[in-house]
Amino acid sequence: MNYEHFRAWDEEYRHVRWAGPLDISSLQEELEGNELILDAGCGHGRYAIPLSQEYIMAGCDVSQRGLLRLREKAELPLCRASITELPFPENSFDVVLCQGVLQHLFEAERKQAANQMTNVLKPGGKLIFEAFGREDMRYGGDAVEQHTFRRKNGIIYHYFIMEELEGLFDKLDISKKENRLKKKIFRGREYTRHSIFLVARKPSEENSQMVEQDNQ
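In terms of numbering that gives the first Met the number 0, the sequence shown opens at residue 0 and continues consecutively.
Pasting the structure below:
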């Protein structure tokens, strides 16, 4: 597998500095406070840093430079790894947080990552997910796969529809799904930013056994 688009993130973190999310209340609404949370694709800590003030966090990312910058601001367990190959046992986390990460993978990698995140969730555990939607103003560019584009910096951008994500996470029970559309004005013109937000649970062992019995 070609990991060139992963390596592009180290260069990106050399000069790009995000101020952090303006509002993480929608994430906090889904958290109880005593869960073990994995920030899958934590980057330089845009979400992990503020959440680690109140929650038990761990993080992983492909970018060593991003992880080093995160460590400058917060103390939490970190590892360098792709979400396509999470180095954790099955049923490890109460919550997996994946915010704006899956969109940066090719199709085969997205399937691997969805399976990996599902596997490391505990039975009854929760996925909190967000990624770009197809109505986003940034859609387009150098196409490398269907609805997937490579920018000049080498980073991949894929734009989802709801049904696509429902298929990727078909082993989870989706409890919340939202198309989030925000209007932006730039140089007098109106543009749309589109993301898709999901909350889903891994079936409990009891529910899984009931499903297996029904299928027999």
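Backbone N, C-alpha and C fix where the C-beta goes; we use that ideal spot for every residue, glycine too.
ask   = Does the segment 168-186 come within contact of the segment 30-49, defined as at least 3 CB pairs closer than 8 Å?
value = No: fewer than three Cβ pairs fall under 8 Å.
task = Taking 8 Å as the threshold, find out whether the segment 133-143 comes into contact with the segment 113-123 through three or more Cβ pairs.
result = no
task = Please state whether DSSP places Q98 in a helix, a strand or coil.
result = strand
key: Collapsed DSSP secondary structure at T83 in the structure displayed   = coil
query = From the DSSP output, which residues share a beta bridge with S194?
reply = F131, R179
ask   = Beta-carbon separation of L171 and K201 under 8 Å?
value = yes
ask   = Between which two residues does the beta strand (DSSP E) containing D60 stretch?
value = 55-60
key: Spatial distance of N152 from S174 (CA atoms)   = Near 36 Å, if we compare the C-alpha coordinates of S174 and N152.
message = Taking 8 Å as the limit between beta carbons, can you name the residues of its chain near K72, skipping five residues before and five after?
response = G44, I48
query = Should E129 be labelled buried (16 or more other beta-carbon atoms within 10 Å of its own) or exposed?
reply = buried
task = Provide the residue(s) that pair with A199 in DSSP beta bridges, ordered along the chain.
result = As DSSP reads the structure, A199 sits in a beta bridge with L126, I173.
ask   = How many Å lie between L77 and L96 at the Cα?
value = 14 Å
task = Hey, could you find the ends of the beta strand (DSSP E) H157 is sitting in?
result = From DSSP, the beta strand (DSSP E) with H157 extends over 155-157.
Nearest-angstrom Cα separation, counted from R64 out to G58 = About 14 Å.
Identified DSSP bridge partners for T147 = E144, H157
message = Residues in the same chain with beta-carbon distance under 6 Å from S203, minus the five sequence neighbours each way, listed in chain order, please.
response = P122, G123
query = Do you know offhand how far N90's Cα is from L67's?
reply = 27 Å
task = For S62, collect the residues of the same chain with a Cβ closer than 6 Å to its Cβ; drop the 5 residues on either side in sequence, then sort them by chain order.
result = W8, D9, Y12
ask   = Is H103 buried or exposed, if buried means 16 or more other CB atoms sit within 10 Å of its CB?
value = buried
message = For the alpha helix (DSSP H) containing I48, name the first residue and the last one.
response = 47-50 is the extent of the alpha helix (DSSP H) around I48.
ask   = If you draw a straight line from the C-alpha of F105 to the C-alpha of E31, how long is it?
value = Computed Cα separation, rounded: 33 Å.
ask   = Where do the N-terminal and C-terminal ends of the beta strand (DSSP E) with D38 fall, by residue?
value = The continuous beta strand (DSSP E) containing D38 extends over residues 35-39.
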